[in-house]
Amino acid sequence: MSAVAGPEIERLIQLLARLPGLGPRSARRAALHLIKKREALMTPLASALQVAIEKIQVCKTCGNIDTQNPCTVCTDPRRDPSIIVVIADVADLWALERANASSGRYHVLGGTLSPLDGVGPGDLTIDALVARAHEEPVKEIVLALNATVDGQTTAHYITDLLQDANVRVTRLAHGVPVGGELDYLDEGTLSAAMRQRTLF
Ligand code: ZN
Numbered sequence: 034m035s036a037v038a039g040p041e042i043e044r045l046i047q048l049l050a051r052l053p054g055l056g057p058r059s060a061r062r063a064a065l066h067l068i069k070k071r072e073a074l075m076t077p078l079a080s081a082l083q084v085a086i087e088k089i090q091v092c093k094t095c096g097n098i099d100t101q102n103p104c105t106v107c108t109d110p111r112r113d114p115s116i117i118v119v120i121a122d123v124a125d126l127w128a129l130e131r132a133n134a135s136s137g138r139y140h141v142l143g144g145t146l147s148p149l150d151g152v153g154p155g156d157l158t159i160d161a162l163v164a165r166a167h168e169e170p171v172k173e174i175v176l177a178l179n180a181t182v183d184g185q186t187t188a189h190y191i192t193d194l195l196q197d198a199n200v201r202v203t204r205l206a207h208g209v210p211v212g213g214e215l216d217y218l219d220e221g222t223l224s225a226a227m228r229q230r231t232l233f
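Per the working numbering, the very first residue in the sequence shown carries number 34; after that it's consecutive.
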């Protein structure tokens, strides 16, 4: 297949195609859009990327990404320092923040335990979490991990390590999604929802 554009444009397309959710076809469309909107979009995007390269860092306390360290969440005085919500990834932190679901602080593990993919405890920030759980004024560790085998294996592993810490270890409820119809739920979700029923 012959190239339709010079190597610079091909390179732009190839880089865009590496973004999640963008295949080669949508990468071409995105590249063309950027080129057409050079002043309005491509230039500001390039400078935003440059600023991100220079300023974004990983929070030493919680693993969140921000332009300050400790991050905005860790330094926010309105947040409850007695609750630490444990998540696998920064994307999960953002999801919980979008949902306004927690007033506590966070701890990003950097993944979940997965023997098949060769991810062991040493690859995650579990030691740092255990250390934080022993610090005042931490009272509760919320395990907000995926309801997958790896997520739940990780939750059990962490719970065992927190036996000596003077904290309450909780996890997210598994059950009927908001707006969900019982008839469409899988058996695992339905039986978990029945087991974890609450007083009306
Ligand atoms: Zn932080």
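Each residue gets a CB set at the ideal place from its N, CA and C atoms; glycine is no exception. Just so we're clear, the structure is a prediction, and the values are computed from it rather than from any experiment.
Say the cut is 7 angstroms; is the CB of residue i nearer than that to a heavy atom of the ligand ZN?
{"i": "Val118", "result": "no"}
{"i": "Thr94", "result": "yes"}
{"i": "Val106", "result": "yes"}
{"i": "Pro103", "result": "yes"}
{"i": "Asn179", "result": "no"}
In whole angstroms, what is the alpha-carbon distance linking residue i and residue j?
{"i": "Lys69", "j": "Arg44", "result": "17 angstroms"}
{"i": "Ile159", "j": "Cys104", "result": "19 angstroms"}
{"i": "Gly153", "j": "Ala73", "result": "45 angstroms"}
{"i": "His66", "j": "Val37", "result": "16 angstroms"}
{"i": "Ser224", "j": "Leu218", "result": "10 angstroms"}
{"i": "Asn97", "j": "Val123", "result": "6 angstroms"}
{"i": "Glu87", "j": "Glu41", "result": "24 angstroms"}
{"i": "Met75", "j": "Arg58", "result": "19 angstroms"}
Which same chain residues end up closer than 7 angstroms to residue i when comparing Cβ atoms and leaving out the 5 residues on each side of it in sequence?
{"i": "Asp193", "result": "none"}
{"i": "Leu49", "result": "Leu55, Ala60, Ala63, Ala64"}
{"i": "Thr186", "result": "Leu146"}
{"i": "Ala161", "result": "none"}
Do residue i and residue j have their CB atoms nearer than 8 angstroms?
{"i": "Leu178", "j": "Val91", "result": "no"}
{"i": "Ala226", "j": "Val211", "result": "no"}
{"i": "Ala206", "j": "Gln229", "result": "yes"}
{"i": "Ala121", "j": "Leu142", "result": "yes"}
{"i": "Gly144", "j": "Asp156", "result": "yes"}
Once you ignore the five residues that flank residue i on each side, which residues in its own chain have a CB closer than 8 angstroms to its CB?
{"i": "Leu195", "result": "Val163, Ala166, Ile174, Val202"}
Three-pair Cβ contact test at 8 angstroms for the segment 112 to 123 versus the segment 168 to 176: yes
I want to know whether the segment 89 to 109 touches the segment 134 to 144 - three or more CB-CB distances under 8 angstroms. yes
So, does the segment 124 to 133 touch the segment 196 to 209, judging by three or more C-beta pairs under 8 angstroms? no
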